[in-house]
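Accompanying notes for the structure given below.
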Amino acid sequence: MAADIEDSRSARFALRCSSFAERWFPDSWVFAALAVIIVAVATMAMGAKPTDAAMAFGDGFWSLIPFTMQMAFVVIGGYVVASSPPAVKLIDRLARIPKNGRSAVAWVALISMVASLLNWGLSLVFGGLLVRALARRTDLKM
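Below you can see the structure in the form of C-alpha cells.
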C-alpha cells in the first residue's frame, strides 16, 4: 500500500513537471534557429559581411553530409546486426534474466555498455531492442 502511495506521488510530480515543460519550453528547432541567428550576428559584429556569413553557413552545412552519411551507416549497420536472427535469439534470452523492474534497468545499462565496446551503433539499437523485449514481459513490474 505504501508503495502505491509513493508511486502515485511520484507520478503526479512527473506529470506536473511534464506539463510545465510542454507549456513553457520551446521546441528544439527554436533553440537551433536562435543559435544560428546569434552566430550570424556575432560574425557580422567581428567584421564579416552578411553575404560571407551566409556563404560560410551554406558551405559548412553541405560539408557535414559525409559525416552524416557515416553516422547513418553506423546506425543502419547496428540495426542490421541487432535484428539478425542470432541477435534476436540472444535478446530474447537476455530479456528473461531480470527478475524485477530495477534489475531490468540495470541489466539494459550493463548490456548496452558491453555492446558499446563492439560498436556504438550496435549498442544503441541492441539496447532499444532489449528494452522492447523486456517491455513485452507481463510478469515484470516496472
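Everything in the sequence shown is counted per my numbering, starting at 589 for the first residue and increasing by one. Beta carbons are placed, not taken as given, at the ideal position from N, Cα and C, and that holds for glycine.
Tell whether a beta-carbon distance below 7 Å holds between F714 and A721. For the 7 Å CB-CB criterion, F714 and A721 do not form a contact.
I believe L717 touches G689 by the beta-carbon criterion, under 8 Å. Please report the beta-carbon distance rounded to the nearest angstrom. Beta-carbon to beta-carbon, L717 and G689 are separated by about 18 Å, too far to satisfy the 8 Å threshold.
Spatial neighbours of S607 within its chain, please: C-beta separation below 8 Å, excluding the five flanking residues on both sides. Cβ contact annotation for S607 (same chain, cutoff 8 Å, sequence separation greater than five): none.
Enumerate in chain order the residues of its own chain whose CB-to-CB distance from V696 is below 8 Å, with the five nearest sequence positions on each side excluded. Sequence-distant Cβ neighbours of V696 in its own chain, meaning closer than 8 Å and more than five residues away, are G715, L718, V719 and L722.
Pairwise C-alpha distance: V627 and V676: About 46 Å.
Report, in whole angstroms, the separation of the C-beta atoms of N707 and G666, which I expect to be a contact under 8 Å. A Cβ-Cβ distance of about 6 Å is found for the pair N707 and G666, placing them in contact under the 8 Å criterion.
Excluding five sequence neighbours on each side, which residues of the same chain lie with their C-beta closer than 7 Å to the C-beta of L682? For L682, where only same-chain residues beyond five positions count, the Cβ hits under 7 Å are I699 and L718.
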